[in-house]
Amino acid sequence: MKKMLTVMVMLMLGSLVILTACGNDMTDPDATNQPGEKDINTPSKDPIEKEEQDEQSVDETNLSPTPDEKQETHQVVLYFSDNDLIDTYRIEKEIDVRKGENVAKAALEAWVNGPEHDELTGLINSEVIIEYVEEVDGIAHVSFSKEIKESNLGSSGELMFAEQIAMIMQQFGFEQTQILVEGRVGETLLGHLYTGDPIVANDPESYLWVDEKDSRKIVLQNAAFRIYEPAPDAKVKDQIVVSGLARVYEGTVLYEFEDGHFILDEGFTTATNGAPGWGEFEIVIELDDAVNYSGRVILFEESAKDGSRMNELIIPVNVTK
-15 MKKMLTVMVM
-5 LMLGSLVILT
5 ACGNDMTDPD
15 ATNQPGEKDI
25 NTPSKDPIEK
35 EEQDEQSVDE
45 TNLSPTPDEK
55 QETHQVVLYF
65 SDNDLIDTYR
75 IEKEIDVRKG
85 ENVAKAALEA
95 WVNGPEHDEL
105 TGLINSEVII
115 EYVEEVDGIA
125 HVSFSKEIKE
135 SNLGSSGELM
145 FAEQIAMIMQ
155 QFGFEQTQIL
165 VEGRVGETLL
175 GHLYTGDPIV
185 ANDPESYLWV
195 DEKDSRKIVL
205 QNAAFRIYEP
215 APDAKVKDQI
225 VVSGLARVYE
235 GTVLYEFEDG
245 HFILDEGFTT
255 ATNGAPGWGE
265 FEIVIELDDA
275 VNYSGRVILF
285 EESAKDGSRM
295 NELIIPVNVT
305 K
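Shown next, in the form of structure tokens:
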């Protein structure tokens, strides 16, 4: 009897051991990570990151132009200064513009980028941005970015700047152009020219095409005069022809011719334009029979305030036969 009881107790202990082992297998934490099952501890993709990736995918699909975005070629007229900032010339240029975009704005952007012609120059830094071009009561409003304020043009350069902007817009039907900076109208652009009112365009025919530009070389110059001839120390015989450009009050160019002791001739002529513009002029000085001496042509203007001489330019010459 005692022996049978011992056997039964051993059988019961064995069963408990088997049941405990089965329970451990069923609660194995690795069981939740079996292939084909989702691990709730693995973080899912951030919704914001997913949205950004979706937007990027959409943007990438939009890189290819649609038929409505095809470029169109337009022939426009641009205006640029010569390298000496004396005159403004016009050129024709083809520009590519996306269908539906503002052609006038594209023309101004081409102007900002500067000319391809060696004898012409741009007036402002290419970092300047044309913010917008719009019509307000029949007047073109052209807004520049703040970088335009960093331009250093002087009074003549600033006048040319406004003139060229107005002339570019004139071909699009605008006789007046209001210049703005960051959408605001200011009394002056760079401290010289009043820009509180619109700039009125000139007649396009008053500007030469660049291929009509005078190729004569300037041989002597100062702030008021730029001389084509005679060159310094040139040999002259029967007469002296002085030709060039002047930027003087009311276009009045005064001159003297002297031999170092006496004034042999004096007078004045009127240039085709007065300051601040440049005008062409020519002076012819007839010579007497004296030969083999050194002379000087002295150009100058008189102060409108007190009549004193200003901006003298001396051209030495050698009189000979």
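Be aware that the sequence shown starts at -15, since it is given in the numbering used here, and climbs by one per residue. We put the CB at the ideal spot given by N, CA and C, even for glycine.
Could you please give me the residues that DSSP links to residue i through a beta bridge?
i           : result
residue 255 : Its beta-bridge partners do not exist; DSSP assigns none.
residue 300 : 280
residue 64  : 73
residue 249 : 241
residue 135 : Answer is none; residue 135 lacks a bridge partner.
residue 285 : 294
Mind checking residue i: buried by the 16 CB within 10 Å criterion, or exposed?
i           : result
residue 24  : Bear in mind that the predicted position of residue 24 carries a pLDDT of just 34, short of 50, making it too unreliable to give a figure here.
residue 57  : exposed
residue 290 : exposed
residue 231 : buried
residue 139 : exposed
residue 241 : buried
residue 188 : exposed
residue 235 : buried
residue 95  : buried
residue 268 : exposed
residue 114 : buried
residue 239 : buried
residue 190 : exposed
residue 150 : buried
Kindly indicate the opening and closing residues of the beta strand (DSSP E) around residue i.
i           : result
residue 54  : Careful: residue 54 lies outside any beta strand (DSSP E) and carries neither H nor E.
residue 241 : 236 to 242
residue 266 : 263 to 270
residue 274 : Taken as a continuous stretch (DSSP letters only), residue 274 belongs to no beta strand (DSSP E), as it is neither H nor E.
residue 218 : 218 to 220
residue 310 : Absent from the model: residue 310. The displayed extent of the chain is -15 to 305, so no value can be given.
Going along the chain, which residues of its own chain have a beta-carbon closer than 6 Å to the beta-carbon of residue i, five neighbours each way excluded?
i           : result
residue 87  : 58 and 81
residue 162 : 123, 125 and 182
residue 91  : 60 and 152
residue 207 : 295
Here's a check: name, in chain order, each residue in its chain whose Cβ is nearer than 8 Å to the Cβ of residue i, leaving out the five neighbours to either side.
i           : result
residue 70  : 210, 229 and 262
residue 215 : 203 and 204
residue 217 : 300, 301 and 302
CB-CB under 7 Å to residue i, same chain, minus the five flanking residues each way: which ones, in chain order?
i           : result
residue 277 : 243 and 303
residue 172 : 178 and 179
**Q.** Contiguous alpha helix (DSSP H) assignments of at least 4 residues, all confined to the region 148 to 215
**A.** none
(Q) Just to confirm the assignment: which complete alpha helix (DSSP H) runs, minimum length 4, are found wholly within the region 66 to 132? (A) 87 to 96
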